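Notes to accompany the following structure.
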Amino acid sequence: MCSVLPYDVIKNLERENSIKSTNKTIIAYGGNKIKVVGEIILKCMVRKNEYKIKFIVVDVKSRPILGLNACIKLNLISKIDVDINLRNEFINKNLSLFERKRQVSFEHKTQLKENYKAVKSNCRRLPNVVKEKQFVTKNYYGKTALDKSTFAKNETVLLKVRKEDKWVSGKIIDTHQTPRSYIVKEQNVYRRNSSFLRQSNLDSYNKNTNSSEGQKKHQEKVDYKCDRNSSTVQSNSGSVVSTKSGRIVKKPYWLNDYC
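Just so you know, we're using the UniProt record's numbering here: the sequence shown kicks off at 1 and counts up by one.
Have a look at this one:
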């Protein structure tokens, strides 16, 4: 609780010769020791009164610090309220508040109106005005939206060949755990999203496009195979996908069954 004064302040005052040696050590709040140069007694003016205060001179660049004892003696700080009411003391002083004898001696009865109908109120997390705007906006942007068609097990569908404008006939084996995905069997077994599947109407589809091309598309084989037992998927051509810089593009492990 001592007063501390930096050595630079003593230099500015040209009072280096007044410093006396001392054996005191100063430790900061972080546990670091501060180098002590010595101690000095200086005259200080506080509220137009002159006092002699002892300072510990330290080799640290900081502001002067006045100790707690000096602050109390100079009436700079003081304790105002030191009365702390503990739990037991408070109960002992106010026993009447905690005794059962002091409870209310009568019963209060609540009566409801006869033939009163209960009214259910909805939880208003959003104001009704905001909900109305949301409803109008939803109807405006969703007026032309259609529900996505779903496919049943063992249903015959059209399967789009990836990276080619070609559709072939396939059969739904089962649904996949990922959303809107199915396991389809053509010549091989594939996992496909519903965007790659259509309802099977191969004859009318071929008439609308080109009948000869439709027959070729139906007879052509898929250029890649999917091995579900292996952890990696490779094409039959053995080509490796790479960028212009030469970096090899690898398929994520969670798409190993997707080819």
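Cβ coordinates follow ideal geometry from the N, Cα and C atoms, glycine included.
Since we're looking at a predicted model, the values are computed, not measured.
For residue i, the three-state DSSP class (helix, strand or coil)
i    : result
V119 : coil
F151 : coil
E132 : helix
T137 : helix
K11  : helix
K20  : strand
S245 : coil
E39  : strand
L95  : helix
E89  : helix
L255 : helix
A70  : helix
Supposed close pair residue i, residue j - CB separation, criterion 8 angstroms
i    : j    : result
V37  : D8   : Between D8 and V37 the Cβ distance is about 11 angstroms, and since that is not below 8 angstroms, they are no contact.
K160 : F196 : 5 angstroms
I40  : S21  : Between S21 and I40 the Cβ distance is about 11 angstroms, and since that is not below 8 angstroms, they are no contact.
S62  : P6   : 6 angstroms
R191 : D257 : 5 angstroms
V4   : I56  : 5 angstroms
L74  : V46  : 5 angstroms
I53  : L42  : 6 angstroms
K185 : G170 : 6 angstroms
Neighbourhood of residue i by C-beta, 7 angstroms cutoff - its chain only, sequence neighbours within 5 removed
i           : result
N193        : R180, S181
T25         : K33, V36
I183        : I173, D174, H176, V189, R191
residue 268 : Only positions 1 to 259 of the chain appear in the structure, and residue 268 is not among them; the question remains open.
K138        : none
Counterpart residues of residue i in DSSP-defined beta bridges
i    : result
R192 : Y182
L5   : V57
C44  : Y51
I26  : I34
G170 : V157
Q199 : V157
I65  : V4
T175 : Y182
Proximal residues to residue i (C-beta, below 6 angstroms), its chain only, five neighbours per side dropped
i    : result
E155 : I172
M1   : G67, L68, N69
K93  : none
L158 : W167, R198, S200
I80  : none
Cβ-based neighbour list, residue i, same chain, cut-off 8 angstroms, excluding 5 preceding and 5 following
i   : result
I91 : F98
Closer than 8 angstroms to chain D by CB, residue i
i    : result
K138 : Given the protein chain composition of this structure (a single chain), no chain D is represented.
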